[in-house]
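Some notes on the structure that comes next.
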Amino acid sequence: AQTPLPARRTRTLDEEPTPFDTVTHYNNFYEFGTGKEDPARTAGRLRLRPWTVRVEGMVAKPQTIDIDQLIRQFPLEERVYRLRCVEAWSMVIPWVGFPLAALLRQVEPLGSAKFVAFETLRDPRQMPGQTTAALQWPYVEGLRLDEAMHPLTMLAVGLYGRTLPAQNGAPLRLVVPWKYGFKSIKSIVRIRLLDRQPPTSWNLSAPNEYGFFANVNPDVDHPRWTQSRERRIGDWFPRRTLPFNGYGAEVAGLYRGMNLARYY
Amino acid sequence: MALPLAVLVARWGAMAWGLSPRAAGLTAEPVAETINQLGLWALRALWLTLAVTPLRAVTGWNWLAAWRRPLGLWCFAYATLHLMVYVGLDMLGDLGLLWADVVKHRFILLGMAGWVMLLPLALTSPRAVARWLGGRRWRVLHRLAYVAGLAVAVHFLLRVKGFQIEPWIYAGLLALLLGLRRWPARAIMHWTRPRA
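Listed in order, the protein sequences are those of chains Y and U. 1 is the number of the first residue of the first sequence in my numbering; add one for each residue after it. 1001 is the number of the first residue of the second sequence in my numbering; add one for each residue after it.
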């Protein structure tokens, strides 16, 4: 049911993209079950239209935007990014989307806005995993405003040149390539600008394991496993994990002077 | 108990034949999936082994007794394969890396402790060794299976992310099996008895 999404390729990697079949059948999306292959089976119940996104909070122009209008609103780009899961596996994915900054500028954040909070749809009839206590629902995530405005941060509406499959977070998801995958919240219905740090789902679930920042960091282990290495899906042997998932030259400046072992 | 292993071997065979890992039923991460499956069957075999004696006591099915030793050895076989795949394909056989993983992560330490406790049980499994050890000493030593079970139950609880029911079900079953035995109560009474 995915429709083509013409986009200009603005960013490539000298790494082979993970096959489409793998990207769409190995997902952590607990709203559709905790098994990696559950979302591909059960996410079909998600009704993708009509879908609106509410952008509000500390902004001059709060808006409720229809997803089709949003897709037409900004020039679509194809960007090939690495995705590093906190579970120490990784993929390379050609996303289609636009910079989050473009949408944020449109709603005009107030000077008092310092953080951006995101929220996934909550509807247990469409998302059967929400009838379990795996996490608190709805899934919530957040970024500091400067992270949200960073040119690498994107809102994705597609992958491999077509609209997003439901199991990958359709119709609209966040992609923050230098952070662990769980920061890249899926199936977004609400974006709020705030003056304080918002709660985030995995941090609420296990604060000693998942921090607010969740930058990919080979030097700070997860309490249960090492983060120094990762298994690229399709490879036989693990490889070294790169600081900020290899995007350090572009994003390390955001965290200058911060103790990243404390703010993990 | 051989069936899950046969299925895993067949899936790896299919992959070697050229099927994608997912088509072969091993998900996109065949190594992780294999480690998980081997670990889960080691745990199930251990729980079944521990269930034999209480089940016999409750049902009077004495033919179950013959199953205890093979089940225990299957448990050790799955646990050893689980450990070997983790050390060989995840740690790449690097013992320094393995040691770092064990000492830094309680999750890994508990799994390793479980295997280390199963080792003497497997070694004292042959009848000749059991005879040499003597029945009483053998029985006391083999209570270690419950301690291994506790380590493994927590290992599984630590394995999952978020709240998931499956490891709690196994932990509850273990508590039930332990509760059905009389010796834990005797041991607690023994240890807590005031000494003169």
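Note that beta-carbon positions come from the ideal geometry of N, C-alpha and C, so glycine has one too.
By alpha-carbon positions, which one of the options ends up nearest to residue i?
i       : options                               : result
Y:A113  : Y:E119, Y:T120 and Y:R105             : Y:R105
Y:P238  : U:G1060, U:V1031 and U:Q1037          : U:V1031
Y:R173  : Y:F20, Y:A133, Y:T52 and Y:R8         : Y:T52
U:P1004 : U:A1042, U:A1016, U:A1023 and U:T1053 : U:A1042
Y:W202  : U:A1171, U:K1161, U:R1181 and U:W1191 : U:K1161
Y:R47   : Y:A249, Y:M149, Y:I188 and Y:A134     : Y:I188
Y:G142  : Y:Q130, Y:R192 and Y:A102             : Y:R192
Y:G234  : Y:T12, Y:E56, Y:R8 and Y:V23          : Y:V23
U:G1149 : U:Q1037, U:E1166, U:L1038 and U:A1171 : U:A1171
U:G1114 : U:L1083, U:L1048 and U:T1034          : U:L1083
Y:A249  : Y:P17, Y:R41, Y:Q69 and Y:W178        : Y:W178
Y:F29   : Y:R256, Y:G44 and Y:R144              : Y:G44
Y:M149  : Y:P243, Y:I67 and Y:V107              : Y:V107
Y:L152  : Y:R41, Y:D66 and Y:L83                : Y:L83
Y:V282  : U:A1002, U:M1015 and U:K1104          : There is simply no residue 282 of chain Y to check, as chain Y begins at 1 and stops at 264 in what is shown.
Y:D123  : Y:P165, Y:E31 and Y:Q63               : Y:E31
U:Q1037 : U:L1092, U:L1008 and U:N1062          : U:L1008
Y:Q227  : U:A1023, U:L1019, U:M1091 and U:P1070 : U:M1091
U:A1002 : U:S1020, U:W1012 and U:P1070          : U:P1070
Using a C-beta cutoff of 7 Å, does residue i count as contacting chain Y?
i       : result
U:R1022 : yes
U:T1080 : no
U:F1163 : yes
U:L1083 : no
U:L1141 : no
U:H1105 : yes
U:T1059 : no
U:L1158 : yes
Do residue i and residue j have their C-beta atoms closer together than 7 Å?
i       : j       : result
U:V1147 : U:M1117 : yes
Y:V216  : Y:N259  : no
Y:R162  : Y:P4    : yes
Y:W95   : Y:V175  : yes
Y:F98   : Y:I185  : no
U:L1133 : U:T1124 : yes
U:V1052 : U:R1068 : yes
Y:V80   : Y:Y180  : no
Y:L110  : Y:M58   : yes
Y:W225  : U:E1029 : no
Y:P198  : Y:F74   : no
Y:I65   : Y:V157  : no
U:F1163 : Y:A133  : yes
U:T1034 : Y:K36   : no
State yes or no: is the beta carbon of residue i nearer than 7 Å to at least one beta carbon in chain U?
i      : result
Y:L159 : no
Y:Y81  : no
Y:S187 : no
Y:Y26  : yes
Y:W51  : no
Y:W137 : no
Y:S205 : yes
Y:R144 : no
Y:T34  : yes
Under the rule that 16 or more other beta-carbon atoms within 10 Å means buried, what is residue i, buried or exposed?
i       : result
Y:P223  : exposed
U:M1189 : exposed
Y:K61   : exposed
U:G956  : The requested residue 956 of chain U is not part of the displayed model; chain U covers only 1001 to 1196.
Y:Y247  : buried
U:A1045 : buried
U:I1165 : exposed
Y:Q69   : exposed
Y:T131  : exposed
U:I1169 : exposed
Y:T241  : buried
Y:D38   : buried
U:R1022 : buried
Between residue i and residue j, how many whole angstroms is the CB-CB distance? I'm expecting something under 8 Å.
i       : j       : result
U:L1144 : U:L1177 : Actually they are not in contact, since the Cβ atoms of U:L1144 and U:L1177 sit about 15 Å apart, beyond 8 Å.
Y:Y210  : Y:F182  : 7 Å
Y:E78   : Y:R9    : 4 Å
U:R1159 : U:F1107 : 7 Å
U:V1085 : U:L1098 : Contact flag wrong, Cβ pair sits at about 13 Å.
Y:I93   : Y:P171  : Contact flag wrong, Cβ pair sits at about 17 Å.
Check whether the Cβ of residue i lies closer than 6 Å to any heavy atom of the ligand NAD, and answer yes or no.
i      : result
Y:A156 : Absence of the ligand NAD from the depicted structure is noted, as is the absence of any ligand whatsoever, leaving it without description.
Where the region 1021-1044 of chain U meets chain C: residues whose CB sits under 8 Å from a CB there: Absence of chain C from the displayed structure is noted, the protein chains being Y and U.
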